[in-house]
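Residues 1 to 83 (full-length UniProt numbering) are what the sequence shown spells out, left to right.
Structure record follows, encoded as structure tokens.
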Amino acid sequence: MAAQPAPGDQLMFLNELTPIFEEFTQQPVAFLGGFFSGVFRLNLSDDPLKSWLEAQNGSEIYKDGHNTSENDKNKGPQSISID
Numbered sequence: 001m002a003a004q005p006a007p008g009d010q011l012m013f014l015n016e017l018t019p020i021f022e023e024f025t026q027q028p029v030a031f032l033g034g035f036f037s038g039v040f041r042l043n044l045s046d047d048p049l050k051s052w053l054e055a056q057n058g059s060e061i062y063k064d065g066h067n068t069s070e071n072d073k074n075k076g077p078q079s080i081s082i083d
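Dropping the structure here:
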């Protein structure tokens, strides 16, 4: 026989989800956009997503101080010296 969860356990579970529901109801488009980009592991700094976000916001929202072409070269292991 399976044990029935206590009524307090169900209430505690709903209390944990309350901030998620509040954020969804306040800004549903932003919430779903963030959820969608997280599920599909989209990089917000890549076009066309970057240009679409800039058009929606009216300004540049993602500023990355690194040059992406230099970062691509440094993805492998690097040697360091420790004194």
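Positions of the beta carbon are idealized from the N, C-alpha and C atoms, including for glycine.
Could you check how far apart the C-beta atoms of L49 and L42 are, in whole angstroms? I think they sit under 8 Å.
-> 6 Å
With DSSP collapsed to three states, give me the class of K75.
-> coil
Run through DSSP, which three-state label would S45 get?
-> coil
Compare the beta carbon distance of L44 and S37 with 8 Å and say whether it is the shorter of the two.
-> yes
Taking only the alpha-carbon atoms, compute the straight-line gap between M12 and P28 and give it to the nearest angstrom.
-> 24 Å
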